[in-house]
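This report refers to the structure that appears directly beneath it.
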Amino acid sequence: MRRLNLLALAWAGLLAAQPAAAHGLDAGRMTIELEDTSLMVVVTPKVAHFEFADMSRDGRLDRVEVKAHRAQIRAAFDAAIAITDDLGAAPTCERTDVSTPVSGDSPLAATDHVRVTLRCRFAVAPTALRVRYAFASRGVVVVEAVRLRRPAPIAGRPSLPLRVGSSERVVLGSGDATARLLLVPGSNADSVTGASDLPPLAVGFGGFVRHGADHVLFGLDHILFIVALVLGTTRRRQLAAAVTSFTLTHTLALAAVIEGVIAAPSAAWVEPGIALSIALTAGLVAIRAAASPRPTAESAGWLCFTAALFGALHGLGMATTALETFADAASSMLVPFTLGAEVAQLAIAGLASVLAAALFDSGRAAAGGWRLGRQHAALSLVVVGVVWFALRATGDEAAGDQAVNTPASSG
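Following this line, the structure appears as structure tokens:
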């Protein structure tokens, strides 16, 4: 048991040292404008991609820092993006501009994003574009718009008119993401379509299912909340009911914001609240474990209530990111996103319950294993939740810049 105590303390220390902002958009957005052979790509990557320029180590860049490191930022961006047409030909890039997207005249006005503008020219007007952007780490890339100002020729066919001003938002998966933008003829919204070249496909039902799963699997604070629920019971039905309660209220809160029933909440209180939900749930688990050697039927009630209460909070945290990322498709994402999240949550809960049983409910530790082992593991989660709460409540963005929902970030 002493070894388990040391393990729990070490685990808490490691997790507390890696605070994660629950619902950040890691990679920013990408806008593409095409006019005949001229191409302009505007990307707003997070400052975390250019840590070498953050001289103040505050997770933000001001104009002074950008000016001092403009050449390095430009080189890093040029190395991260690759653009080709339907024939595999790359454009000639004429200029890369770097700026801070902040208003005001103060040189010290700072932001957590950088605006990088790439201007290129193709030898021949393309019928398709392939954009590969390798800055996306555990986040999503949003190809926000494609604007066609002039008709583009279709390979093997005479030039056909394309709907001027068409726009398509394409959401890509995490990792080295690739968007394939097809410029096809038509007079309706179909004149520009988008798809991902890399699995999983991040548009449509299947893509949203994957986003829901990634939202859980890459969300550390989401995972820890599920672990806290696992520590609250050894009964599979109780655990499944609690996880499902969490998912339902998470979805209801998310839907309420997306459909405009309630206003999108401020991350200033939602993010600390999510961290606090881990500490409070784990604290309740520790208290009940100290009072009872085994979970009872009463455990199901309080566990489901706690999961449902904080599920709504996590859903509010996800809502703002969903609106920013999926825009007009946010409403259609709810069902597949929830399905993916529920499957991932049940998988994590199942794995965690097996590990908990192996550690605390077998062998010589069986008699007091649930009470002591789970109690100490829960207390380690309390420590993590309190530390994250303090960091988020004090606005320590530099420490909490690891995105986890998505995809994406947790909650």
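Just so we're on the same page, the numbering used here is the position in the sequence shown counted from 1, plus 20.
All residues carry an ideal CB built from backbone N, CA and C; glycine is no exception.
1) Could you have a look at H242 and say whether DSSP puts it in helix, strand or coil?
2) Measure the C-alpha to C-alpha separation of F72 and L392 and round it to an integer number of angstroms.
3) With distance defined between alpha-carbon atoms, name the residue in A310, I278 and T253 nearest to V374.
4) So, helix, strand or coil for V80, using DSSP?
5) Just to confirm, are L294 and H334 a CB contact at a threshold of 8 angstroms?
6) Would you grab the beta carbon distance between L401 and A248 for me? Rounded to a whole angstrom, and I think it's under 8 angstroms.
7) Restricting to Cα atoms, I'd like to know which of P285, V250, L244 and R90 is closest to F70.
8) Scan the segment 320-378 and note each continuous alpha helix (DSSP H) run of 4 residues or more that stays entirely inside, going in chain order.
9) Just how far apart, CA to CA, sit E362 and M353?
10) Just the Cα atoms here: how many angstroms apart are R139 and G360?
11) Give me the Cβ distance between I342 and I278, rounded to the nearest whole Å; I'm assuming they're in contact under 8 angstroms.
12) Rounded to whole angstroms, what is the Cα-Cα separation between A47 and E85?
13) Could you have a look at L411 and say whether DSSP puts it in helix, strand or coil?
14) Cα separation between G226 and D234?
15) Considering only residues of the same chain and omitting the five flanking positions on each side of A110, which have a CB-CB separation below 8 angstroms?
16) When the Cα of A68 is compared with those of D241, V134 and R150, which residue comes out closest?
17) Which term fits R412, buried or exposed, when burial requires 16 or more other beta carbons within 10 angstroms of its beta carbon?
18) With a Cβ-Cβ cutoff of 8 angstroms, do V263 and A376 count as a contact?
19) Label E291 either buried or exposed according to how many other C-beta atoms from any shown protein chain fall within 10 Å of its C-beta, with 16 as the threshold for buried.
20) D117 lies in the beta strand (DSSP E); which residues open and close that run?
21) Going by beta carbon distance, what residues of the same chain come within less than 6 angstroms of M60, once the five residues before and after it are set aside?
22) Would you give the residue range spanned by the alpha helix (DSSP H) that L304 belongs to?
23) For T116 and F97, what's the separation of their Cα atoms in angstroms?
24) Which of the three DSSP states, helix, strand or coil, is assigned to R141?
25) Between the Cα of V406 and those of H231, A309, S297 and R394, spot the shortest distance and give me the residue it belongs to.
26) Nearest-angstrom Cα distance between H231 and A339?
27) Taking Cβ positions, are D132 and K66 nearer each other than 8 angstroms?
28) Return the chain-ordered list of same chain residues with a C-beta closer than 7 angstroms to the C-beta of V17, the five sequence neighbours on each side being excluded.
29) What number of angstroms, rounded off, separates the C-alpha of T432 from the C-alpha of Y153?
30) Under 8 angstroms, do G331 and T267 count as touching if we go by C-beta distance?
31) Going by DSSP in three states, A102 sits in which element: helix, strand or coil?
32) Indicate whether at least one CB of chain D lies closer than 8 angstroms to the CB of L401.
33) Give the range of the alpha helix (DSSP H) segment to which L272 is assigned.
34) For E71, list the residues DSSP reports as bridge partners.
35) For the beta strand (DSSP E) that V61 lies in, which residues bound it at each end?
36) Check this for me: beta carbons of I246 and A145, under 8 angstroms apart or not?
Walking through what the data contain:
1) The residue labelled residue 242 in the question sits at position 222 within the sequence shown. Reduced to three states, the DSSP call for H242 is helix.
2) By 1-based counting over the sequence shown, the position of residue 72 is 52. By 1-based counting over the sequence shown, the position of residue 392 is 372. Computed Cα separation, rounded: 46 angstroms.
3) Working through the sequence shown from its first residue, we reach residue 374 at position 354. Looking at the Cα atoms, T253 is the closest of the given residues.
4) If you number the sequence shown from 1, residue 80 lands on position 60. Per the sequence shown, the amino acid found at residue 80 is Arg instead of Val. Reduced to three states, the DSSP call for R80 is coil.
5) Numbered from its first residue, the sequence shown carries residue 294 at position 274. Numbered from its first residue, the sequence shown carries residue 334 at position 314. Checking the displayed sequence, the identity of residue 294 turns out to be Ile instead of Leu. In contact: I294 and H334 (Cβ atoms closer than 8 angstroms).
6) Numbered from its first residue, the sequence shown carries residue 401 at position 381. Numbered from its first residue, the sequence shown carries residue 248 at position 228. Right, their Cβ atoms sit about 5 angstroms apart.
7) Here residue 70 refers to the residue found at position 50 when the sequence shown is read from its first residue. Residue R90 is the option with its Cα nearest to F70.
8) none
9) By one-based count along the sequence shown, residue 362 stands at place 342. By one-based count along the sequence shown, residue 353 stands at place 333. Each residue's Cα considered, the two are about 14 angstroms apart.
10) Here the question's residue 139 lines up with position 119 in the sequence shown. Here the question's residue 360 lines up with position 340 in the sequence shown. Using only the alpha carbons, I get a separation of about 38 angstroms.
11) Residue 342 sits at position 322 when you count from the first residue of the sequence shown. Residue 278 sits at position 258 when you count from the first residue of the sequence shown. According to the sequence provided, residue 342 is Ala. The question's Ile does not apply to it. Yes, A342 and I278 are in contact; Cβ-Cβ is about 6 angstroms, under 8 angstroms.
12) Position 27 of the sequence shown, counted from the first residue, corresponds to residue 47. Position 65 of the sequence shown, counted from the first residue, corresponds to residue 85. In this prediction, A47 has a pLDDT of 46, which is less than 50 and means its spatial position is unreliable; what the coordinates show is noted afterwards. Rounded to whole angstroms, A47 to E85 spans 20 angstroms at the Cα level.
13) Numbered from its first residue, the sequence shown carries residue 411 at position 391. It is helical.
14) The residue given as residue 226 occupies position 206 in the sequence shown. The residue given as residue 234 occupies position 214 in the sequence shown. Roughly 12 angstroms separates the two Cα atoms.
15) Translated into positions along the sequence shown, residue 110 becomes position 90. Excluding positions up to five away in sequence, the list reads A102, I103 and T104.
16) Working through the sequence shown from its first residue, we reach residue 68 at position 48. Checked all of D241, V134 and R150; the closest Cα to A68 is V134.
17) Start at 1 with the first residue of the sequence shown, and residue 412 comes out as number 392. It counts as buried.
18) The count along the sequence shown starts at 1 and reaches residue 263 at position 243. The count along the sequence shown starts at 1 and reaches residue 376 at position 356. Their beta carbons are not under 8 angstroms apart, which means V263 does not touch A376 by this criterion.
19) The sequence position of residue 291 within the sequence shown is 271, counting from 1. Label assigned to E291: buried.
20) As a working note, residue 117 is residue 97 in the sequence shown. Note, D117: beta strand (DSSP E), T112 to S119.
21) As a working mapping, residue 60 is identified with position 40 in the sequence shown. E53 and R139, listed in sequence order.
22) Against the sequence shown, residue 304 aligns to sequence position 284. Its alpha helix (DSSP H) spans residues A287 to A311.
23) Taking the sequence shown and counting its residues from 1, one reaches residue 116 at position 96. Taking the sequence shown and counting its residues from 1, one reaches residue 97 at position 77. Approximately 9 angstroms, taken between the alpha carbons.
24) What you label residue 141 is simply residue 121 of the sequence shown in a count that begins at 1. Of the three classes helix, strand and coil, the one that applies to R141 here is strand, per DSSP.
25) By one-based count along the sequence shown, residue 406 stands at place 386. Among H231, A309, S297 and R394, the Cα nearest to that of V406 belongs to S297.
26) As a working mapping, residue 231 is identified with position 211 in the sequence shown. As a working mapping, residue 339 is identified with position 319 in the sequence shown. Roughly 14 angstroms separates the two Cα atoms.
27) As a first step, residue 132 is located in the sequence shown; it is residue number 112 there, counting from the start. As a first step, residue 66 is located in the sequence shown; it is residue number 46 there, counting from the start. Cβ atoms of D132 and K66: closer than 8 angstroms.
28) Because the chain spans 21 through 431 in this model, residue 17 falls outside it and cannot be assessed.
29) A query on residue 432 cannot be resolved here, the shown segment of the chain reaching from 21 to 431 and no further.
30) As a first step, residue 331 is located in the sequence shown; it is residue number 311 there, counting from the start. As a first step, residue 267 is located in the sequence shown; it is residue number 247 there, counting from the start. Going by C-beta atoms, G331 is nearer than 8 angstroms to T267.
31) Your numbering for residue 102 matches position 82 in the sequence shown. Note: A102 maps to strand in three-state DSSP.
32) Looking for chain D here will not work: only one protein chain is present.
33) Stepping through the sequence shown from its first residue, residue 272 is reached at position 252. Per DSSP, L272 belongs to the alpha helix (DSSP H) from R256 to I278.
34) For this step, residue 71 is matched to residue 51 along the sequence shown. Beta-bridge pairing links E71 to no other residue.
35) Walking along the sequence shown from the start, residue 61 turns up at place 41. Where V61 is concerned, the enclosing beta strand (DSSP E) stretches over S58 to V63.
36) Here the question's residue 246 lines up with position 226 in the sequence shown. Here the question's residue 145 lines up with position 125 in the sequence shown. Contact: no.
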